[in-house]
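Report on the following structure.
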Amino acid sequence: MATNLATALPSPRERLLEAAAELFAEHGYQAIGLRDLASHLGLQPGSLYHHIDNKQALLFELIESGLSDLVQHTSQRLKGARSPGKRLELFVRGFMEFHAEQPHPLSLICREFANLDEGQKRRIVGLKEQYAALLRGIIGDAEGGMANAVIGLLFGQAHWYSAVASEAQVSEGVRRLVGLASAVRST
68 MATNLATALP SPRERLLEAA AELFAEHGYQ AIGLRDLASH LGLQPGSLYH HIDNKQALLF
128 ELIESGLSDL VQHTSQRLKG ARSPGKRLEL FVRGFMEFHA EQPHPLSLIC REFANLDEGQ
188 KRRIVGLKEQ YAALLRGIIG DAEGGMANAV IGLLFGQAHW YSAVASEAQV SEGVRRLVGL
248 ASAVRST
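Going left to right, the sequence shown walks through residues 68 to 254 as our numbering numbers them.
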């Protein structure tokens with residue numbers, strides 16, 4: 068019984084990552100210090116360094132793991148789907164599911180990228196490119212302009228998710244946007 072309970076509870080590091088993602092997303096990276104994070108967790112500030120190198124490394128880890136998880140989640144959703152329409156629907160649905168399950172990483176990806184150093188930014192840009200490549204492959208967008216517009220729409224929608232549109236409405240809007248862009252390109 069103790070083994071099941073121990074595996075069900077998050078580790079101290081997992082608690083730290085979850086709390087940091089929540090606090091950074093809700094208040095902003097610049098507004099939250101390590102003392103705030105430690106206090107939120109009921110820890111001494113120095114004890115955080117047992118789990119992290121520094122605040123910026125923590126932010127990078129949260130953004131990198133969030134974006135890596137989004138790429139992996141989306142790739143899994145697309146497996147087995149053949150038609151472009153179905154793949155586009157699954158791409159959008161995968162994004163919406165991911166956002167519903169893990170809203171904080173998406174917020175950090177959008178709002179806190181500027182707080183990373185150049186090496187960290189290059190790594191995140193590489194992951195963003197992997198994500199965009201999935202969509203470019205679906206909609207046949209070699210240049211990436213339409214894929215970037217759709218991804219921008221999805222990330223923007225994530226900030227307004229509950230107030231503006233349902234998953235079905237966003238999926239339909241994306242399908243129409245891609246259809247319109249395809250029609251414009253073919254003329």
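We put the CB at the ideal spot given by N, CA and C, even for glycine.
The count of Cβ pairs closer than 8 Å, one atom from the stretch 174 to 192 and one from the stretch 118 to 137, reaches three, so the stretches are in contact. Secondary structure at Glu179: coil, using DSSP grouped into helix, strand and coil.
The Cβ-Cβ distance between Val138 and Gln197 falls below 8 Å.
Going by C-alpha positions, Lys146 is about 9 Å away from Leu157.
Per DSSP, Ala148 lies in no alpha helix (DSSP H) segment and is marked neither H nor E. Counting along the chain, Ser106 sits inside the alpha helix (DSSP H) bounded by residues 101 to 108.
Across the set Gly152, Glu93, His117, Asp103, the C-alpha of His117 shows the shortest separation from the C-alpha of Pro79. If you look at Gln187, you'll find it in the alpha helix (DSSP H) that goes 185 to 206. A Cβ-Cβ separation of about 11 Å leaves Ile206 out of contact with Ala200 under the 8 Å criterion. Classified as buried, Asp208 has 16 or more neighbouring CB atoms from the shown chains inside 10 Å of its CB. Here Ala88 is buried: its Cβ has 16 or more other Cβ atoms, across all protein chains shown, within 10 Å.
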